[in-house]
Ligand code: 5GP
Ligand code: ZN
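Numbering (our numbering), first residue to last: 166 to 282.
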């Protein structure tokens, strides 16, 4: 993957617009374009890694920074009282569509069963 072809690398570079809600030196968090819950934020490392397994293998410290950013987003979006869900869809069975690792942070209502049958 050439990163200039990657949707989320283009958002990091500022070539595509996004509603950014949280940013650190190494991570970016922005609202999902098709929200599945009242709060639906995507948290990514600015550096391109295809999925959570590749990220963890390449840089476990950066993986931790993505998790810390997800927790900060949950706090800032007012989700910590009611609870929330963090999801890394991975690969075909995981339903991953964008191959730049991203944590979905979802909340703002009871989210129901973890997966449908
Ligand atoms: P995945 O299925 O790969 O886990 O999730 C990809 C997510 O990216 C989807 O929830 C989709 O709505 C979101 N998405 C796709 N294109 C864009 C975009 O251009 N901007 C934003 N903010 N989200 C996007
Ligand atoms: Zn990328």
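Glycine residues also receive a C-beta, built at the ideal position from the N, C-alpha and C atoms.
Close beta carbons around residue i, own chain, < 6 Å, minus the five adjacent residues each side
i	result
residue 221	228
residue 205	197, 271
The ligand ZN heavy atom lying under 7 Å from the CB of residue i
i	result
residue 265	yes
residue 269	no
residue 187	no
residue 173	yes
residue 191	no
residue 213	yes
residue 168	yes
Paired residues, beta bridge with residue i - DSSP
i	result
residue 283	Examination of residue 283 is not possible in this model, given that the chain is present from 166 through 282 alone.
residue 194	187, 208
Proximity test, residue i beta-carbon vs the ligand 5GP heavy atom, cut-off 7 Å
i	result
residue 242	no
residue 195	yes
residue 234	no
residue 209	no
residue 257	no
residue 276	no
residue 273	no
residue 183	yes
Supposed close pair residue i, residue j - CB separation, criterion 8 Å
i	j	result
residue 238	residue 186	6 Å
residue 232	residue 273	Rounded, the Cβ-Cβ distance is 20 Å, inconsistent with contact.
residue 266	residue 198	The pair is not a contact, with the Cβ atoms about 17 Å apart (cut-off 8 Å).
residue 224	residue 255	Residue 224 to residue 255, Cβ: 17 Å. No contact.
residue 193	residue 178	At roughly 11 Å, the Cβ-Cβ gap does not stay under 8 Å, so residue 193 and residue 178 are not in contact.
residue 202	residue 271	4 Å
Other residues of its chain near residue i: CB distance less than 7 Å, five sequence neighbours each side excluded
i	result
residue 263	172, 173
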